[in-house]
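The structure appears right after this line, and notes come after that.
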Amino acid sequence: MDRTALIFGATGAVGKQVLIDALKNGKYAKVITAGRRPVQLDDTIPQNKLVQKTIDFENLEAHREVFRNINDVFCCLGTSLFEPNTEKIEKTYVLNAAKIIAEENKPSDNNTLSPIHYLYCSSAGADTSSMISLLRIKAEAEEGLKSLGFQKVSVFLPGGLKTVEPRSSFRWAEFFSTTIFSPFDSFFNLKLLVSVDTLGKAMRRVAEDNSIKPSDPKNIKESSAGSTVHRFSNIDIIAIASDKK
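And the structure:
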């Protein structure tokens, strides 16, 4: 069966690596990016399956056709810790788009759930009671996604991110993790950091292989809407991407 992937946030550090891995190693017949601008890729990346759609997150109703006939959704929308529009981007845009996706990909036959596998890039430490607003907002977005009636929701909880391309703006947290903490993480094998290309590969593998599950059974649950919910820790992410199978 031909499968289609939809990626939000493909111009960002994580989303771009999901896109590259899906185009190079994925089994998709079509890979769609939906964002405010197209993604720039070099000629070494195969693009025959790529469809880029420019959308207005303030008027998602005008783009419903983009969200039809999708199998896997990768949501990598993200901001920095001090971004003034964090809640709008990290929660409002995420949930508004997800709601339309659920409506445009309705259950078939006697199923009660939308046949979508929704893969959401959150963060280690995300918690609805967190004192850090970004972590609280990400957790609230996760709770919203679990209530929308998707067949499966996979949540990824990466630790500190190591980028593979320069950021458009400076981020202190990433500077600290990559230049100061990274040597300790590697030497002591702490596995508290993860490269964005490792994260992208893990997300794509989870989408394509239903047998992959979190290592901790406590991170496998069913939501009140009936969705299967898997939460992958940073250690899970590294292990999945490193698996040679």
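According to the numbering used here, the sequence shown is numbered sequentially starting from 793. For each residue, glycine too, the CB sits at the ideal point set by N, CA and C.
Counting C-beta atoms within 10 angstroms of its own C-beta, D848 has fewer than 16 neighbours from the protein chains shown and is therefore classed as exposed. Spatial neighbours of D989 in its own chain (CB-CB distance under 7 Å, excluding positions within 5 residues in sequence) are listed in chain order as Q809, V956. For S1025 and G951, the gap between their C-alpha atoms comes out near 8 Å. Collapsing the DSSP output to three states places V945 in a strand. DSSP places D989 in the uninterrupted alpha helix (DSSP H) bounded by 988-1000.
Under DSSP, I1032 forms no beta bridge with any residue.
Here V843 is exposed. Its C-beta has fewer than 16 other C-beta atoms within 10 Å. For C867, the pairing in a beta bridge is given by DSSP as F800, Y912. Boundaries of the alpha helix (DSSP H) harbouring L815: 805-817, taken from the DSSP string.
Nearest to A797 by alpha-carbon distance, out of I929, E853, E1000, S915, is E1000.
In this structure, the CA atom of A821 is about 6 Å from the CA atom of K841. Short of 7 Å from the beta carbon of E932, and not among the five residues preceding or following it, lie these beta carbons of its own chain, in chain order: K883, T920. The beta carbon of T871 sits closer than 8 Å to the beta carbons of N877, T878, I881, E882, L926 from its chain, once the five residues preceding and following it are set aside; these are given in chain order. About 11 Å separates the CB atoms of L940 and G1018; that is not less than 8 Å, and the two are not in contact.
Boundaries cannot be given for L833, as no beta strand (DSSP E) includes it and DSSP labels it neither H nor E. Going by DSSP, E1014 is part of the beta strand (DSSP E) stretching over 1012-1014. Judged by DSSP secondary structure, G952 falls within the beta strand (DSSP E) whose first and last residues are 952-954.
For the set E853, G818, G804, the Cα lying nearest the Cα of P830 is the one of G804. In this structure, DSSP gives R856 a helical state, which the three-state scheme calls helix.
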